[in-house]
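Counted from 1, the sequence shown has number 131 at position 131 by full-length UniProt numbering; the numbering is strictly sequential.
Here the structure comes first, spelled out in structure tokens, and everything after it is commentary.
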Amino acid sequence: MASAVRKFSTSCVYNGKKNFRKFYLFNRGPEDYKKERALDPFRETVMGVRLPGINVNEENKLIPIPEMIPELIVPDFKRLQTKTIRFLSSSRRNPIGIHSQTTLRRLLHGKMISDFKNGKLDENGDSKEPNEDEKRTAEEAWIKARQTGSDIYCREAGFKKKPEPFM
Numbered sequence: 001m002a003s004a005v006r007k008f009s010t011s012c013v014y015n016g017k018k019n020f021r022k023f024y025l026f027n028r029g030p031e032d033y034k035k036e037r038a039l040d041p042f043r044e045t046v047m048g049v050r051l052p053g054i055n056v057n058e059e060n061k062l063i064p065i066p067e068m069i070p071e072l073i074v075p076d077f078k079r080l081q082t083k084t085i086r087f088l089s090s091s092r093r094n095p096i097g098i099h100s101q102t103t104l105r106r107l108l109h110g111k112m113i114s115d116f117k118n119g120k121l122d123e124n125g126d127s128k129e130p131n132e133d134e135k136r137t138a139e140e141a142w143i144k145a146r147q148t149g150s151d152i153y154c155r156e157a158g159f160k161k162k163p164e165p166f167m
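Structural data, given as structure tokens:
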């Protein structure tokens, strides 16, 4: 006796085999699109940029709108918990992990302890006798950080030794 199960398909007949070698692309699209492509076939399309205003075509000017200008929002980093940076080249038994706090301690640990012991801190915790790095403004620090050879993980910068425990 043959199988009593009857096969039933709900898919359309047109979803079967098709000849995908014949896709005619001419005579496609509206007439306005064809006319634009005939005048300038290699025009650039601006994508992903929103102008902060209205572009007036007659005068070819941009009228800025203050509400459309993006603002930079800086988050509060007081309760930020940093993650450890793991190096793949380190051995599995003794993995090396560097926090951003560890890097800060390596750079400022000696000066902070000596200022604290000698009483050279003001009521805000800042040094009364700042060195060159502490006197630097934000713009000067930005320029110095982008100079040639200013790699923060450079061995010549004093990262050979293990950092001493902080406090």
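Glycine included, each C-beta is placed from N, C-alpha and C at the ideal position.
If you're wondering where the values come from, they're calculated on a predicted model, not measured in any experiment.
| field | Buried or exposed by the 16-neighbour rule on C-beta atoms within 10 Å, applied to Arg-79 | value | exposed
| said: Per DSSP, what are the beta-bridge partners of Leu-121 in this structure? | reply: Ser-127
| Inside the region 27-60 only - beta strand (DSSP E) runs reaching at least 3 residues | 53-56
| said: Could you compute how far the alpha carbon of Glu-59 sits from the alpha carbon of Pro-41? | reply: 25 Å
| query | Does DSSP classify Ile-69 as helix, strand or coil? | reply | coil
| query | In its own chain, which residues sit with a C-beta less than 7 Å from the C-beta of Ile-65, not counting the 5 before and 5 after it? | reply | Pro-52, Gly-53 and Ile-54
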